[in-house]
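Novice:
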Amino acid sequence: MSQSLFGIHAAALELRSQRMGMIAGNIANAATPGYKAKDIDFKAALAASQHGQGDADQAAKGAVLYRTPVMPSMDGNTVELQNEQLAFSENAVGYSTTLEFIRSRVDTITRAMKGD
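Counting in our numbering, the sequence shown runs from 5 upward without gaps.
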């Protein structure tokens, strides 16, 4: 029911949440030698979840990419803090926008049920 009620936005919200966690993990491991920064190809994961290639969790796992650093570090860590912070901020804006759409949809349905 949530798929038809919220359409693509339910999967988008879940994927953005998972991506936010992954980017936060990158930031937390910025000083860990050998750590490889990961991200989710959001568009590919969303497309996969919409085309019956599993739920959002499976789609996210299938769309994990490792970042290629612009300036490789001597210890093998591929986290570039500025890039991670930018990706986190962009993803947070997308998350908020998607959440606001879902809230608006719920409010509309609630008003319709009340007869407003």
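Backbone N, C-alpha and C fix where the C-beta goes; we use that ideal spot for every residue, glycine too.
(1) Does DSSP put Asp111 in a helix, in a strand, or in coil?
(2) Could you tell me the alpha carbon to alpha carbon distance between Ala41 and Ala16, rounded to whole angstroms?
(3) Quick check on Asp120: does DSSP put it in helix, strand or coil?
(4) What residue range does the beta strand (DSSP E) around Lys42 cover?
(5) Excluding five sequence neighbours on each side, which residues of the same chain lie with their C-beta closer than 8 Å to the C-beta of Met134?
(6) Look up Val97 in the DSSP assignment and say whether it is helix, strand or coil.
(7) Taking buried to mean at least 16 other C-beta atoms within 10 Å of its own C-beta, is Arg107 buried or exposed?
Specialist: In terms of the structure at hand:
(1) In the sequence shown, residue 111 corresponds to position 107, counting from 1. It is helical.
(2) The residue you call residue 41 lines up with position 37 of the sequence shown. The residue you call residue 16 lines up with position 12 of the sequence shown. About 22 Å.
(3) Within the sequence shown, residue 120 is the residue found at index 116, counting from 1. Residue state, collapsed to three classes: coil.
(4) By one-based count along the sequence shown, residue 42 stands at place 38. Start and end: Lys42 to Ile44.
(5) Residue 134 lies beyond the range of the chain shown here (5 to 120); nothing can be said about it.
(6) Working through the sequence shown from its first residue, we reach residue 97 at position 93. Helix at Val97.
(7) As a position in the sequence shown, residue 107 is number 103, starting the count at 1. Exposed, by the Cβ-count rule.
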